[in-house]
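Structure, as structure tokens:
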Amino acid sequence: MRRGREGCSSGLGSYALDTSVLLHHRYAPSDLTEALISSGIINLVTLSEVLYIVCRGEDSSKALSYVEELAEKGRLAPSERVAPVAGQFKCRFPVSLADAWVLATGKVMALPCLFAHRERELVSHITAIGREVEVRFLDELL
Numbered sequence: 000m001r002r003g004r005e006g007c008s009s010g011l012g013s014y015a016l017d018t019s020v021l022l023h024h025r026y027a028p029s030d031l032t033e034a035l036i037s038s039g040i041i042n043l044v045t046l047s048e049v050l051y052i053v054c055r056g057e058d059s060s061k062a063l064s065y066v067e068e069l070a071e072k073g074r075l076a077p078s079e080r081v082a083p084v085a086g087q088f089k090c091r092f093p094v095s096l097a098d099a100w101v102l103a104t105g106k107v108m109a110l111p112c113l114f115a116h117r118e119r120e121l122v123s124h125i126t127a128i129g130r131e132v133e134v135r136f137l138d139e140l141l
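Counting along the sequence shown from 1, when you hit position 127 you're at 126 in numbering that gives the first Met the number 0, and nothing is skipped either side.
What follows is the structure, encoded as structure tokens:
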């Protein structure tokens, strides 16, 4: 997986990608989600979450293969910088640890975060979270 922050040639911009976006791509792939993955940043917690969710519904080797494919296409967030910020998000907001990692990835990399679904815990605190990092949803890009 590539590290760092490179420009997006698709014109979409780059996003810190949530598990939901990667699962959406798995089960309903499109040119849009392909471009988002190629230009996006993925953290290790998100990759781990994708693995266990796909593994529950499919053969574990297929799940691992998909995560390896994502690792080849995407860029890896610097965990050593993201981890402390994720802990702070989790401390202040009632979001899942995985969502806290996505929010922290966006903040650390100065990118908006992209979620496929409007999760209740996230949306109920969107104003406060939005003061620290931009949150977008996949349907806004369609």
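Cβ atoms here follow ideal geometry from the backbone N, Cα and C, with glycine treated the same way. Small disclaimer: the values here were computed from a predicted structure and weren't measured.
Please confirm whether any heavy atom of the ligand FMN lies closer than 7 Å to the CB of residue i.
i: Val94; result: The ligand content of the structure shown is nil, which means the ligand FMN is not present either.
DSSP on residue i, reduced to helix/strand/coil?
i: Leu113; result: strand
i: Ala82; result: helix
i: Ala127; result: helix
i: Ser19; result: helix
i: Ala27; result: coil
i: Leu50; result: helix
i: Leu141; result: coil
Hey, quick one: how far does the alpha helix (DSSP H) through residue i stretch, first residue to last?
i: Phe92; result: From DSSP, Phe92 is part of no alpha helix (DSSP H); its letter is neither H nor E.
i: Tyr14; result: Segment: none, Tyr14 is in no alpha helix (DSSP H) and carries neither H nor E.
i: Ala70; result: 59 to 72
i: Glu120; result: 119 to 122
Which one or two residues does DSSP pair with residue i in a beta bridge?
i: Val134; result: Cys112
Could you give the C-beta distance for residue i and residue j, rounded to a whole number, given that I count them as a contact under 8 Å?
i: Arg80; j: Ile40; result: Rounded, the Cβ-Cβ distance is 12 Å, inconsistent with contact.
Determine the direct distance from the alpha carbon of residue j to that of residue i, and round the result to whole angstroms.
i: Ala27; j: Ile52; result: 15 Å
i: Glu131; j: Leu63; result: 33 Å
i: Ser29; j: Asn42; result: 22 Å
i: Ala109; j: Val66; result: 24 Å
i: Thr126; j: Cys54; result: 34 Å
i: Pro83; j: Ala76; result: 13 Å
i: Glu68; j: Leu137; result: 21 Å
i: Phe92; j: Trp100; result: 12 Å
i: Ile36; j: Lys106; result: 18 Å
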